[in-house]
Structures are given as C-alpha cells and as structure tokens.
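For the sequence shown, counting from 1, position 33 maps to 33 in full-length UniProt numbering; every step adds exactly one. Before any comments, here is the structure.
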Amino acid sequence: MCGRNTFVDAFPAEKIFVMDATPWYADFVNYLMCGKTPFGVTGHKKARFLRDATKYQHKALWTLKQVNMDYEAAEKKRLLDITELEETRHNAYENAFIYKDKSKRWHDKIILQ
1 MCGRNTFVDA FPAEKIFVMD ATPWYADFVN YLMCGKTPFG VTGHKKARFL
51 RDATKYQHKA LWTLKQVNMD YEAAEKKRLL DITELEETRH NAYENAFIYK
101 DKSKRWHDKI ILQ
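As structure tokens, this is what we get:
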C-alpha cells in the first residue's frame, strides 16, 4: 500500500488539490463509463437515476448531431450572416443626414477593399 510520503516522493513538484465535495455529474459519469450505480441508491431513486443518466446521454448525442462539421459551408454561412447583419445595421438609420453620411462611409470602405 502506498503511503503519503511515497506519493509525494513520486511527484515532488506537483501540487495536489483536494475537492471538498463530489461534483454533481460524478455519479452519471461512473454509471456511463463503468456501469456502477451510486452506493445506497435503491428502488425508485435507482430508476430515476438510470432515466436521468440516459436522458443526459441522449442530449449530449443530440448536441453533437447539431454541430456543423462542414467547415466550408459553415464559413460561407457565417460570412452571409455577417453580411446580412451589416446590411441590417446599415439600413437602420432613421435620420437622413446620418443615413447619408454612414452610406458614404460604408460604400467607401467596400470600394477600398
């Protein structure tokens, strides 16, 4: 059995941080990775725990499906969204003088690029 001194000797420059409480997701991770249910959970609480673990797993998979992995299409969509945002902001001015001045600067910026 390893003692504290053996551990400290093995990692002399490392700092050890101790957590005061177990994170809320630790039981779910232990169940999903090892199939271990929390100690002392029986009956209705066990069924609820298993249902919640399955729900969180399905939500994680659904989230991964929503991620757009086609980078070229995502880049084009982002540029289109930015362009639409610039156009909307450009058209939002009500005062004619401000609108005219902003339009001139916006067109000059496009021409110089």
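We treat Cβ as the ideally placed atom computed from N, Cα and C, and that holds for glycine. It should be emphasised that the depicted structure is a prediction, and the values quoted were computed from it without experimental measurement.
Closer than 8 Å: residue i CB and nearest the ligand PLP heavy atom
{"i": "F97", "result": "Because no ligand of any kind appears in the structure shown, any question about the ligand PLP cannot be addressed here."}
Residue burial classification, residue i (beta-carbon count within 10 angstroms, cutoff 16)
{"i": "R89", "result": "exposed"}
{"i": "Y71", "result": "exposed"}
{"i": "Y25", "result": "exposed"}
Boundaries of the alpha helix (DSSP H) in which residue i is found, first to last residue
{"i": "A60", "result": "G43 to Q66"}
{"i": "Y25", "result": "Run containing Y25: none; DSSP gives neither H nor E here."}
{"i": "D81", "result": "Y71 to H90"}
Presumed contact (8 Å Cβ cut-off) between residue i and residue j, rounded CB distance
{"i": "Q57", "j": "L32", "result": "6 Å"}
- Message: Contact between the segment 48-68 and the segment 25-39 is defined here as three or more beta-carbon pairs at a separation below 8 Å; is this criterion met?
- Response: yes
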